[in-house]
Amino acid sequence: MTGLREKYLTAIADAGDEAALEGVRLAALGKKGEVSLRMRGLGAMTPEERQTAGPALNALKDEIATALAEARARLADAALDARVAGQWSDITLDPRPLPQGTIHPVSQAMEEISAIFADLGFSVAEGPQVESDWYNFDALNIPPEHPARQTMDTFYMARAEGDNRPPHVLRTHTSPVQIRHMQDYGVPCRVIAPGRVYRADYDQTHTPMFHQVEGLAIDRDISMANLKWVLEEFCRAFFEVDGVELKFRASHFPFTEPSAEVDIRCSWAGGQLKIGEGDDWLEILGSGMVHPKVLAAAGIDPEQWQGFAFGMGIDRLAMLKYGIPDLRAFFESDLRWLRHYGFSALDVPTLQAGLSR
Ligand code: DAH
């Protein structure tokens, strides 16, 4: 009997598929199976023999049946596993790619400047980069023979042959947007106009294309005092230094009267620029009260309206704030430079959350 048991349990364990298992079942428990035949043989035994052989055979039959059922389940599981493995597909997402690009310091500075002036009630205006010489010069009280036209190193656009009108220019400053804005929307107004400007100049602090932001505030009783407060508020917010100190130095621009250039207190100790401390002064912008002739050119009555304007170089502000030594690198698209000085696209500058953190 132990021989039988061993034989069939081993055969069950070795059976590699359902068909082999069925073969083992028939050989043991089928009508003519070895165990079945033995059970049939019980009748020919003496009662004493039957008393031990009967339960033993029954137990063997049960054991083999149980082993067969287990083996069948095992084979079914294995078959299912094999089928699933063949149909497997990866439904996990690829790891999210790290953001590769960065926000250029000029774009960052523009966003910061816009956020600060938005908080002071200024909206954003835009104008064309190819400008007529009337908007770029005449309307801003720079007549044709005015020396400012020469010092601006203007790029002139070509005219068709035989067309003797004055050529258009690549705007040399954002000031013409003052005129366009007042013409289109009238006064009172409070706007800034950031954008590209062009001058034929190239060295460590000059590139032929650079960025300015113009400011204009016109109402019935706006004064130099308002200009000073706005610029101080702006510098404090932009440089993120509470102790910002500005110096208004009398100057001359054709489009403002009076005019002032504004210097900011700074220190160069240890070769490192610090805003708001030290004994050095750095010029950061031009400003003044809008000249009556400029208002008149834009169709605004200078007897009724007055206000201030200012213009500053965005690239220069970005260099000062972020400690970038050479302006030319701004426009070379060197990836290492962009990664080093660039800003995360997901950190939008706001006054509440911090401008450049
Ligand atoms: N347009 C001047 C420039 O490009 C900057 C400037 C100075 C603009 C004084 C102004 C101003 O609006 O009032 O150098």
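With our numbering, you'll find the sequence shown wraps up at 357, consecutive numbering, no jumps. Cβ atoms here follow ideal geometry from the backbone N, Cα and C, with glycine treated the same way. Computed from a predicted structure; not experimentally measured.
Contact test: residue i Cβ vs the ligand DAH heavy atom, cutoff 7 angstroms
i, result
"residue 114", "no"
"residue 173", "yes"
"residue 127", "no"
"residue 259", "yes"
"residue 288", "yes"
"residue 297", "no"
"residue 109", "no"
"residue 161", "no"
"residue 200", "no"
"residue 212", "yes"
"residue 250", "no"
"residue 207", "no"
"residue 154", "no"
"residue 256", "yes"
"residue 309", "yes"
"residue 343", "no"
"residue 117", "no"
"residue 253", "yes"
Spatial neighbours of residue i in its chain, beta-carbon cut-off 7 angstroms, leaving aside the 5 residues before and after
i, result
"residue 269", "278"
"residue 64", "8, 28, 29, 35"
"residue 169", "131, 133, 136, 154, 155, 156, 157"
"residue 196", "129, 209, 211"
"residue 326", "204"
"residue 228", "248"
"residue 302", "292, 295, 296"
"residue 120", "230, 233"
Residues near residue i in its chain [Cβ-Cβ closer than 8 angstroms; skip 5 each side]
i, result
"residue 42", "50, 53, 54, 57"
"residue 311", "173, 174, 175, 212, 213, 214, 215, 285, 286, 287"
"residue 290", "178, 216, 218, 255, 256, 306, 307, 308, 309"
"residue 199", "152, 153, 154, 155, 172, 206, 208, 210"
Residue i, DSSP secondary structure in three states
i, result
"residue 299", "coil"
"residue 110", "helix"
"residue 41", "helix"
"residue 287", "strand"
"residue 282", "strand"
"residue 2", "helix"
"residue 10", "helix"
"residue 23", "helix"
Same chain, Cβ closer than 6 angstroms to residue i, neighbours up to 5 away in sequence not counted
i, result
"residue 362", "Outside the shown range of the chain, which is 1 to 357, sits residue 362, and nothing can be said about it."
"residue 105", "318, 322, 341"
"residue 422", "This structure cannot speak to residue 422, because the chain is shown only from 1 to 357."
"residue 369", "An answer regarding residue 369 cannot be provided, because it is not within the stretch 1 to 357 covered by the chain."
"residue 39", "57"
"residue 139", "179, 297"
Inter-stretch contact at 8 angstroms, needing at least 3 Cβ pairs: the segment 20-30 / the segment 57-70: yes
Every unbroken alpha helix (DSSP H) inside the segment 113-195 [4 residues or more]: 133-136, 147-151, 176-185
4 or more residues per run - each alpha helix (DSSP H) lying fully within the segment 197-278: 224-239
Sufficient close CB pairs (3 or more, under 8 angstroms) joining the segment 257-266 to the segment 336-344: no
The segment 152-167 / the segment 188-196 touching (three or more Cβ pairs under 8 angstroms): no
Touch test, the segment 96-111 against the segment 197-207, Cβ-Cβ under 8 angstroms, three pairs minimum: no
Any 3 or more C-beta pairs closer than 8 angstroms across the segment 322-340 and the segment 228-238: no
Contact between the segment 165-180 and the segment 77-94 (3+ Cβ pairs under 8 angstroms): no
Contained alpha helix (DSSP H) runs [length at least 4] in the segment 300-339, N- to C-terminal order: 314-322
Within the segment 49-116, ranges of the alpha helix (DSSP H) (whole runs, at least 4 residues): none
At least 3 beta-carbon pairs within less than 8 angstroms: the segment 333-340 vs the segment 109-123: no
Contact between the segment 208-216 and the segment 238-246 (3+ Cβ pairs under 8 angstroms): no
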